[in-house]
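Letter by letter, the sequence shown follows residues -12 to 373 of our numbering. A virtual CB, placed ideally from N, CA and C, is assigned to each residue, including glycine. Treat the numbers as computed from the prediction; the structure is a model and nothing was measured. Read through the structure below, which is laid out as structure tokens, and then see the notes.
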Amino acid sequence: MAAHGFHFPKVDLGPEAERLRADVRAFIAEELASGGFTPTADSWTAGYSAEFSRKLGAKGWLGMTWPKKYGGHERTALDRYVVTEELLSAGAPVALHWIADRQSGPLLLRFGTEEQRQTILPRIVRGECYFCIGMSEPDSGSDLASLRTTATKVDGGWQINGRKIWTSGAHLCDYMIALVRTSPRDETRRHDGLSQVLIDLKSEGISIRPISNIAGEAHFNEVLFENTFVPDSMVVGNVGDGWKQVVSELAFERSGPERFLSTFVVLREGLRELGQTPGDSAAASVGRLVASLKSLRRMSLGVNGLLQQGESPVAAAALVKEVGTRYERTVLEGMRAHLPSRPAGQSPDAYASVLRDGILHVPSATIRGGTNEVLKGIVARELGLR
Ligand SMILES: Cc1cc2nc3c(=O)[nH]c(=O)nc-3n(C[C@H](O)[C@H](O)[C@H](O)COP(=O)(O)OP(=O)(O)OC[C@H]3O[C@@H](n4cnc5c(N)ncnc54)[C@H](O)[C@@H]3O)c2cc1C
């Protein structure tokens, strides 16, 4: 499937990946049977469990593609894909390690120093070290290049001053990889002068203030830096290369199954409620949802195949996220039309619970990780329309 510069190669997962899938399903079944977790919609942002993260680490399902010398398992990106799609489909609590495993670890592998890799990566692999992303600021979200948090050179390191916002999980994480301004802003070269630093969130001069989301959960935060010292050894990559490095993270951030599976548990629990004889209209709705899901998965797997080959398909990843997050909303609308939920408190069933979580969480899906309007701009550029 190639059109106008987009390419989603067909990926054959192979028997090894399918064996792995069976292992993950068996593990999830055991966890569910023993009350290890309760499925939630959007579990990769809502389900925090250090115990579960450590269990995944012990299974060898974190840092799966990383070199063995950093504790990794040297498996393929497609093996990792299988594990993540199974965990997400089950609504398992994977939020705590999600960012570290998905993008901070790979970023350190690509741009980090040997010392950073050796001290941090094995802890991520064990499910014991958690990361957050410090990009957005109060006046800089889509237009990230306008950010104002500064890192000023001092003896032996950098002094950070400024404010990050919407930082998912900062209140629970060990480190933030922050994008900061290391040279004054130059309107003619807007992407210059930015750098990435690894900030130990226990350092002095950091205030983390949780912001309640619409579900009433403390998920994201405002993070203030007041003369926070970051040693030279914690700069990631080259000073001034921050923009280039951040862009390389985005294909990892935007193409995974979490961009269309956040509401899959609603479809699954809804199917259970509908039973074997759902009626023509419900069957047609479910058929449409499953057909769309198959197409999205095919596209997402294609992007992951390209990542596995070392490519950085940023525009294709943007397309997957844009279409995928709209699909997540369609799942809720489709299921709700046939299975309206009872008011909270009257219905303790799993369907009502995941539907409620989904409804409260899905509005953020088209904003976090780049808004759909911005993603459409990236796609339009790839198509030569702008
Ligand atoms: C649940 C959640 C978790 C998040 N977690 C993190 C996190 O961990 N770390 C982090 O750094 N950030 C995080 N964010 C922030 C997120 O990345 C930003 O909210 C997002 O990039 C949009 O920025 P903004 O909120 O400043 O909106 P703005 O950029 O101000 O956008 C406002 C509106 O203008 C539109 N718009 C802006 N520019 C353009 C353009 N060029 N073309 C067309 N339309 C445009 C947007 O689409 C949007 O509708 C999170 C957000 C959410 C909702």
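Can you list, in chain order, the residues of its chain whose CB lies under 6 angstroms from that of GLU213, leaving out five sequence neighbours each side?
GLY192
Look at the alpha carbon of TRP48 and the alpha carbon of THR175, and state the distance between them as a whole number of angstroms.
45 angstroms
So which of GLU115, GLY78, SER328, GLN296 has the shortest CA-CA distance to GLY50?
GLU115
Could you pull out every residue in the same chain whose Cβ sits closer than 7 angstroms to the Cβ of VAL361, ignoring the five residues on either side in sequence?
SER129
Within 10 Å of its beta-carbon, does SER199 have 16 or more other beta-carbons around it, so buried, or fewer, so exposed?
exposed
Under 7 angstroms between C-beta atoms of VAL307 and SER328:
no
Could you work out which residue in ALA202, ALA278, VAL222 is closest to TRP145 when comparing CA atoms only?
VAL222
Mapping the DSSP letters down to three states, classify GLY289 as helix, strand or coil.
helix
Please confirm whether any heavy atom of ligand 1 lies closer than 6 angstroms to the CB of THR154.
yes
Spatial neighbours of GLY227 in its chain, beta-carbon cut-off 8 angstroms, leaving aside the 5 residues before and after
THR169, SER170, ASP179, GLY180, LEU181, SER182
Under 7 angstroms, do ARG8 and VAL69 count as touching if we go by C-beta distance?
yes
Cβ atoms of VAL184 and VAL167: under 7 angstroms apart, would you say?
yes
Nearest-angstrom Cα separation, counted from ASP219 out to LYS56:
24 angstroms
Cutoff 7 angstroms; reference PRO93; Cβ partners in own chain excluding five residues on either side:
PHE239
Specify the secondary structure class of TRP145 as computed by DSSP and reduced to three states.
strand
Taking all protein chains shown into account, do 16 or more other C-beta atoms lie within 10 angstroms of the C-beta of GLY297, making it buried, or fewer, making it exposed?
exposed
What does the alpha-carbon distance come out to for the pair ARG355 and GLY1?
33 angstroms
Taking 6 angstroms as the line, does the beta carbon of VAL361 fall inside it for any heavy atom of ligand 1?
yes
Can you list, in chain order, the residues of its chain with a C-beta nearer than 7 angstroms to that of ARG12? Leave out the 5 residues immediately preceding and following it.
GLU73
Can you determine whether any heavy atom of ligand 1 sits closer than 6 angstroms to the C-beta of SER129, and answer yes or no?
yes
If you compare alpha carbons, which of ILE201, ARG177, ARG89 is closest to TRP230?
ARG177
According to the Cβ coordinates, are GLY58 and VAL112 closer than 7 angstroms?
yes
Taking the runs of the beta strand (DSSP E) that are 3 residues or longer, which of them lie wholly in the region 57 to 90?
none
Measure the C-alpha to C-alpha separation of ARG196 and ASN208 and round it to an integer number of angstroms.
5 angstroms
Apart from the five residues just before and just after GLN90, which ones in its own chain have a Cβ nearer than 7 angstroms to its Cβ?
GLU236, PHE239, GLU240
Are the CB atoms of GLY121 and ALA77 within a distance shorter than 7 angstroms?
no
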